[in-house]
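Asks:
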Amino acid sequence: MSWLLALPSLQTAMRALGSACLLWLAWRIARSGITTWQDKTIIDTTNVFGVPIEDLQGQPSSAVVAKAFTGARVVKGFNHLPAAVLAADPNVNGGNRVVFLSSDDDNAVAPVAALAEYHGFAPIALGPLKDGGSLVQARGNAWAQLIFKDLVKFKWRRVTTKSRRPRASLNACW
Numbered sequence: 319m320s321w322l323l324a325l326p327s328l329q330t331a332m333r334a335l336g337s338a339c340l341l342w343l344a345w346r347i348a349r350s351g352i353t354t355w356q357d358k359t360i361i362d363t364t365n366v367f368g369v370p371i372e373d374l375q376g377q378p379s380s381a382v383v384a385k386a387f388t389g390a391r392v393v394k395g396f397n398h399l400p401a402a403v404l405a406a407d408p409n410v411n412g413g414n415r416v417v418f419l420s421s422d423d424d425n426a427v428a429p430v431a432a433l434a435e436y437h438g439f440a441p442i443a444l445g446p447l448k449d450g451g452s453l454v455q456a457r458g459n460a461w462a463q464l465i466f467k468d469l470v471k472f473k474w475r476r477v478t479t480k481s482r483r484p485r486a487s488l489n490a491c492w
């Protein structure tokens, strides 16, 4: 397997994802045109703040990344929070920190979501890159709506209590 990875502490996470690769590169490097990514999943964690909008040709940055990595399945994710927040415990007050995922390939989102859940996050799929990806990226010198939103998802639990009085049925009321 080919891994695009510089940090040894992420090796375990990458093994859990199988054939996926984590794109943890500066924007300029991501545009280099590497062509050995056939059937790999790339998690695009980049933010292109300050890149002129015309350089993106009206597309989300992940669409440009997808063109640069021919044959790869691109999932935009893990980019809306600062690294220090992502490195912290994702279990917060009984809930799980949310990470947003977006991709044009639904089959690519599932293993990335599984990776996020494995590490304690609550993944939320935002849909295709043009829609969901646009919610978690920079546009020129402005940030999108979901950037820096540190959200926590709580699981609903049904609480049952034993009532001292039996409930009346509708038939008994008529």
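Using the numbering used here, the first residue of the sequence shown is number 319, and each one after it goes up by one.
We put the CB at the ideal spot given by N, CA and C, even for glycine.
If you're wondering where the values come from, they're calculated on a predicted model, not measured in any experiment.
Does the stretch 409-417 come into contact with the stretch 371-387, if we say contact requires no fewer than three beta-carbon pairs (one atom in each stretch) closer than 8 Å?
Replies: Contact between the stretch 409-417 and the stretch 371-387 is absent, because fewer than three Cβ pairs lie under 8 Å.
Asks: Just to confirm, is the Cβ distance from Val-430 to Val-382 under 8 Å?
Replies: Counted from its first residue, the sequence shown places residue 430 at position 112. Counted from its first residue, the sequence shown places residue 382 at position 64. In this structure, Val-382 does not lie closer than 8 Å to Val-430 by Cβ.
Asks: Leaving out five residues before and five after Ala-390 in sequence, what residues of the same chain have Cβ atoms less than 6 Å from its Cβ?
Replies: Taking the first residue of the sequence shown as 1, we reach residue 390 at position 72. For Ala-390, where only same-chain residues beyond five positions count, the Cβ hits under 6 Å are Trp-355, Lys-358, Ile-360.
Asks: Would you list the one or two residues that DSSP bridges to Pro-441?
Replies: Along the sequence shown, one-based indexing puts residue 441 at 123. BP columns for Pro-441 point to Val-417.
Asks: Go through the stretch 353-400 residue by residue and report every complete run of the beta strand (DSSP E) that reaches 3 residues or more, in order.
Replies: DSSP runs (the beta strand (DSSP E)) wholly in the stretch 353-400: 359-362, 391-395.
Asks: What separation, rounded to the nearest whole angstrom, lies between the Cα atoms of Thr-388 and Gly-395?
Replies: The residue you call residue 388 lines up with position 70 of the sequence shown. The residue you call residue 395 lines up with position 77 of the sequence shown. In a straight line, the C-alpha of Thr-388 is about 19 Å away from that of Gly-395.
Asks: Taking the straight line between their C-alpha atoms, what separation do you get for Pro-370 and Tyr-436?
Replies: As a working mapping, residue 370 is identified with position 52 in the sequence shown. As a working mapping, residue 436 is identified with position 118 in the sequence shown. In a straight line, the C-alpha of Pro-370 is about 36 Å away from that of Tyr-436.
Asks: Going by beta carbon distance, what residues of the same chain come within less than 6 Å of Asp-422, once the five residues before and after it are set aside?
Replies: What you label residue 422 is simply residue 104 of the sequence shown in a count that begins at 1. Once the five neighbours on either side are set aside, the close Cβ partners of Asp-422 are Pro-446, Leu-447.
Asks: With His-398 and Val-470 assumed to form a contact (beta carbons below 8 Å), what rounded beta-carbon distance in angstroms separates them?
Replies: Counting from one through the sequence shown, the residue named residue 398 turns up at place 80. Counting from one through the sequence shown, the residue named residue 470 turns up at place 152. That belief does not hold up - the Cβ atoms of His-398 and Val-470 are roughly 14 Å apart, past 8 Å.
Asks: Decide if Arg-476 is buried, meaning its Cβ has at least 16 other Cβ atoms within 10 Å, or exposed.
Replies: Counted from its first residue, the sequence shown places residue 476 at position 158. By the 10 Å Cβ count, Arg-476 comes out exposed.
Asks: If you run the structure through DSSP and keep just helix, strand and coil, what is Lys-467?
Replies: Taking the sequence shown and counting its residues from 1, one reaches residue 467 at position 149. Lys-467 falls in the coil class under three-state DSSP.
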